[in-house]
Structures are given as structure tokens and as C-alpha cells.
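Asker:
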Amino acid sequence: FRKKILNSGLQYSSVLDLACGYGDYCDFFKGKKYIGIDSDTERVNQAKRKHPEASFFCSTIEELPQNISADLVICIQTIGFNNYFQIENTLQVVNKILLATNQNGHCFFNVRDNCKDYFFAISNLMEDKFIQVEIIDYGSCNNDLPLPIASLIASTVYQLPILRGERFKIFIGYKKLLSK
Numbered sequence: 265f266r267k268k269i270l271n272s273g274l275q276y277s278s279v280l281d282l283a284c285g286y287g288d289y290c291d292f293f294k295g296k297k298y299i300g301i302d303s304d305t306e307r308v309n310q311a312k313r314k315h316p317e318a319s320f321f322c323s324t325i326e327e328l329p330q331n332i333s334a335d336l337v338i339c340i341q342t343i344g345f346n347n348y349f350q351i352e353n354t355l356q357v358v359n360k361i362l363l364a365t366n367q368n369g370h371c372f373f374n375v376r377d378n379c380k381d382y383f384f385a386i387s388n389l390m391e392d393k394f395i396q397v398e399i400i401d402y403g404s405c406n407n408d409l410p411l412p413i414a415s416l417i418a419s420t421v422y423q424l425p426i427l428r429g430e431r432f433k434i435f436i437g438y439k440k441l442l443s444k
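Positions in the sequence shown are counted from 1; adding 264 to them yields my numbering.
1) Could you round the C-beta distance between Ile434 and Ile400 to whole angstroms and report it? I think they count as a contact, below 8 angstroms.
2) For Ile340, which of Ile436, Gly295 and Lys440 has the nearest alpha-carbon?
3) Excluding sequence positions up to five away, which residues of its chain have a Cβ less than 6 angstroms from the Cβ of Glu209?
4) From the DSSP output, in three-state form, read off Phe345 for me.
5) Round the Cβ separation of Thr354 and Cys371 to the nearest angstrom and send it over; I've been treating them as touching at under 8 angstroms.
6) Compute the distance between the beta-carbons of Ser512 and Asn368, then report whether it is under 8 angstroms.
7) Quick one: give me the first and last residue of the beta strand (DSSP E) that Phe292 is part of.
8) Can you tell which of Glu352, Leu363, Asp281 and Tyr438 has the C-alpha that lies nearest to the C-alpha of Asn331?
9) Using a threshold of 8 angstroms, state whether the C-beta atoms of Ser319 and Lys296 are closer than that.
10) What beta strand (DSSP E) runs, 3 residues minimum, are completely inside the segment 307-372?
11) Between Leu282, Ala385, Asp335 and Tyr286, which has its C-alpha nearest Tyr276's C-alpha?
12) DSSP three-state label for Leu442, please.
13) Which of helix, strand or coil does DSSP assign to Ser278?
14) Following the continuous alpha helix (DSSP H) through Asp302, name the residue where it begins and the one where it ends.
15) Would a C-beta distance cut-off of 8 angstroms place Ile338 and Val357 closer than the cut-off?
16) Compare the C-alpha of Ala283 against each of Lys268, Arg266, Ser303 and Gln350 and name the closest.
17) Determine the direct distance from the alpha carbon of Arg376 to that of Asn388, and round the result to whole angstroms.
18) Distance check for Glu352 and Lys294, CA to CA, integer angstroms please.
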């Protein structure tokens with residue numbers, strides 16, 4: 265996803281990383297206002313020590329305060345992936361991501377195939393809120409991807425072997441419309 269963001273030419277000054285864990289993506293967004301949210305207090309405390317220049321808060325995505333928002337909202341390896349994630353909360357979480365995305369902002373999140381019953385509803389929510397929506401299928405059986413995206417996915421799967429053999433979707437919203 266990092267290459268996708270770098271190569272997109274997106275304009276943003278703030279980043280909200282939902283389910284940020286230890287704040288590992290903070291370095292990638294140097295020079296931007298970075299806000300990390302995670303439900304694990306210990307991870308949040310370690311992230312604060314590792315990245316004192318950033319802001320970190322302990323919260324679930326479902327309980328995210330409405331006053332927290334950013335120009336770019338990311339939620340990676342959480343929806344359907346995380347052991348704490350409840351599949352029946354899929355649409356609630358996606359709605360929180362969309363609400364946290366500032367006007368003219370962008371969001372980037374992926375959803376595991378075990379939430380596939382929600383893919384159509386997620387697509388509709390995204391198309392109602394953004395000028396442009398991109399939905400990318402990926403997984404071990406997808407050979408239709410351009411080389412840069414395939415390389416990114418291969419790298420991720422290499423680092424996280426638990427992902428091998430499964431299929432996912434990446435949802436990207438570009439330029440959120442006025443209404444929240």
C-alpha cells in the first residue's frame with residue numbers, strides 16, 4: 265500500500281492510522297501529522313515511546329471519537345484479519361473510516377474475504393462518499409495485477425505468511441465529497 269500511496273500523487277497533510285499497533289507506519293508518513301489509534305494499551309504505550317512526535321490513542325475503531333479525522337485514513341490488516349475484529353461490525357467500521365476522512369481526503373483499507381458478504385455494501389458506501397473509488401482484488405490466485413502492485417502484495421505475503429492462499433480486497437477512496 266505504501267507504493268500505491270507514494271505513486272498516487274495524493275495530497276494530504278494528516279494521517280489517521282486505525283489499528284496502528286506499534287505505530288510502524290509512522291516513519292513512512294514523516295512530515296505529516298500522524299494519529300494512531302489502537303485498542304491495545306500496551307501497543308499504544310510502546311508506539312508513544314517509539315514516536316513521541318506523533319499522537320496515539322487507545323480506542324476501538326467502533327468507539328472512535330467523531331472529532332478525530334484526517335486527510336488520509338488507513339486501516340490495514342484489520343477488517344476480517346485481526347483477532348479482535350468481529351465480522352458483524354464490518355459496516356460499522358467502514359462507516360467510521362469514511363466519517364474520519366476529511367472532505368477532499370482519501371481512505372485506504374483492506375478487507376479479508378471472510379467479510380465478502382459486505383463487499384457490495386462497502387462498494388456502495390464508498391461510491392456515495394468519494395469522487396473516485398478503486399477496488400483491487402488480490403490474493404494468491406490473482407495474476408491480473410500490474411507488476412508494482414503484485415510486487416507489493418508478494419512482499420506483504422512474504423512478511424506475513426499467514427496471508428498466503430487467501431483473497432482480499434483493497435478499497436481506496438479518492439477525494440471525499442462534502443457530506444459526511
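Using N, Cα and C, we set each Cβ at its ideal position, and we do this for glycine too.
Answerer: With the given structure in hand:
1) 4 angstroms
2) Ile436
3) Since the first and last residues shown for the chain are 265 and 444, residue 209 lies out of range.
4) coil
5) The Cβ separation is near 15 angstroms, so there is no contact.
6) For residue 512 there is no data in the structure shown, the boundaries of the chain being 265 and 444.
7) First-last for Phe292: undefined, no H or E at that position.
8) Leu363
9) no
10) 319-322 and 334-343
11) Asp335
12) coil
13) strand
14) Element bounds for Asp302: not the alpha helix (DSSP H) but the beta strand (DSSP E), Lys297 to Asp302.
15) no
16) Ser303
17) 18 angstroms
18) 35 angstroms
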